[in-house]
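Top to bottom, those sequences are chains A and B. Residues in the first sequence are numbered from 0 upward in steps of one, following numbering that gives the first Met the number 0. Residues in the second sequence are numbered from 0 upward in steps of one, following numbering that gives the first Met the number 0. Here is the structure we will look at.
There are 2 protein chains.
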Amino acid sequence: MALAAEILGDRWTLLILREAFYGVCRYDDMREDLKAPRSTLTDRLNSLVARGVLEKQPYQEAGDRVRQAYVLTEAGRGLALTFLALAQWGEAHVTGGAAPVWVVDRETGAPLQVALVDADGAPVDPARASLRLRG
Amino acid sequence: MALAAEILGDRWTLLILREAFYGVCRYDDMREDLKAPRSTLTDRLNSLVARGVLEKQPYQEAGDRVRQAYVLTEAGRGLALTFLALAQWGEAHVTGGAAPVWVVDRETGAPLQVALVDADGAPVDPARASLRLRG
DNA sequence: CTATCTGAGTTCAAAATTGAGACTCAGATT
DNA sequence: AATCTGAGTCTCAATTTTGAACTCAGATAG
């Protein structure tokens with residue numbers, strides 16, 4: 000988990016990834032949403048690309064030159080569960096927060112939850128979980 | 000999620016919480032494990048206490064004076080899912096990492112997984128999840 | 001009673017990182 | 001030819017982080 004911590008353990012990186020999950024993928028849109036300094040934003044985007052969490056994808060808008068979009072890679076999309084768990088936690092435990100938010104199925108609107116389950120899909124109390132070395 | 004990001008979006012804070020989940024709760028033990036500078040460690044521990052994620056608990060060892068232990072609060076323990084999801088991600092996507100690790104039931108040893116489920120406990124693809132404002 | 005040890009800090013200067021804003025650059029538009 | 005725009009780079013002041021040294025209080029040793 001040490002390397003994972005290096006990736007998530009940074010304010011701007013975390014916020015950039017949240018933007019990415021919301022579908023924002025252009026430099027200037029992120030900069031405006033986050034009010035991040037340009038140099039920091041550039042730096043974090045590059046790190047995320049270097050670590051394979053985001054990738055640059057060329058795109059072209061009508062009558063404009065080609066530009067790069069930053070989109071989540073397969074690995075990056077894998078962080079969805081972590082973010083959802085974090086959102087769920089913020090919702091439940093961070094008092095007096097901003098907009099309360101809910102995890103739902105984007106198509107049916109049904110409420111969803113991040114949970115710990117065993118091999119049969121039965122829910123397990125997170126307090127029972129333990130990290131075990133493999134092998 | 001903005002405030003949650005403020006809490007997790009810091010290298011040392013993240014590592015301190017991981018220690019706490021492993022059961023490490025003494026200043027000097029954390030300092031040694033993490034090789035964190037004293038002033039930074041003190042600062043982060045205080046923030047975590049101020050935000051109600053950790054709390055100080057006095058403890059006394061035989062023939063020694065009373066000292067403070069830093070233990071997870073109820074809210075802090077709520078972050079377990081987030082950390083497990085992150086560990087699971089690191090395991091799956093961070094290549095060439097250190098010790099590969101597995102989430103298991105601490106009593107039965109059965110493998111566990113962090114998953115997104117609907118109200119009936121049926122698994123749902125995280126890509127279907129969306130954050131919706133409540134109300 | 002004085003000296004010493006230990007965990008848990010505080011203080012301080014040097015080094016690294018961040019932030020705000022100005023500047024650059026390439027292609028599209030007027 | 002002049003202007004606009006997205007996506008940066010550059011610069012430098014302000015903030016944060018580091019690491020090392022110092023402090024403090026109570027326990028223990030001599």
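Glycine is no exception: its CB is placed at the ideal position from the N, C-alpha and C atoms.
Measure how close the beta-carbons of residue i and residue j come, nearest whole angstrom, since I'm counting them as under 8 Å.
i       : j       : result
Leu85/A : Leu7/B  : 7 Å
Ala74/A : Val48/A : Incorrect: roughly 12 Å between the Cβ atoms, too far for contact.
Ala19/B : Leu71/B : 5 Å
Would residue i count as contacting chain A if we go by Cβ distances under 7 Å?
i        : result
Gly22/B  : no
Ala4/B   : yes
Gly62/B  : no
Val70/B  : no
Asp104/B : yes
Ala35/B  : no
Asp117/B : yes
Leu13/B  : yes
Using a Cβ cut-off of 7 Å (strictly closer), state whether residue i contacts chain B.
i       : result
Ala86/A : yes
Gly8/A  : yes
Ser46/A : no
Starting from residue i, trace the alpha helix (DSSP H) both ways and give me its first and last residue.
i        : result
Asp28/B  : 26-33
Leu78/B  : Leu78/B -> no alpha helix (DSSP H), and no H or E assigned at all.
Ala19/A  : 10-21
Val48/B  : 37-49
Glu106/B : Counting along the chain, Glu106/B falls outside any alpha helix (DSSP H), and DSSP gives it neither H nor E.
Could you give the distance in angstroms between the alpha-carbon of residue i and the alpha-carbon of residue j?
i        : j        : result
Leu132/A : Leu16/B  : 19 Å
Ala118/B : Ala109/A : 8 Å
Arg43/A  : Thr12/A  : 6 Å
Glu90/B  : Trp101/B : 8 Å
Val93/B  : Ser46/A  : 14 Å
Ala4/A   : Leu14/B  : 7 Å
Tyr21/B  : Val116/A : 20 Å
Cys24/A  : Gln112/B : 30 Å
Arg64/B  : Pro122/B : 51 Å
Opposite residue i in the DSSP bridges: which residues?
i        : result
Arg131/B : Trp101/A
Pro122/B : Val116/B
Quick check on the DSSP output: the beta strand (DSSP E) that includes residue i runs from which residue to which?
i        : result
Asp117/B : 111-117
Glu54/A  : 53-59
Val70/A  : 65-71
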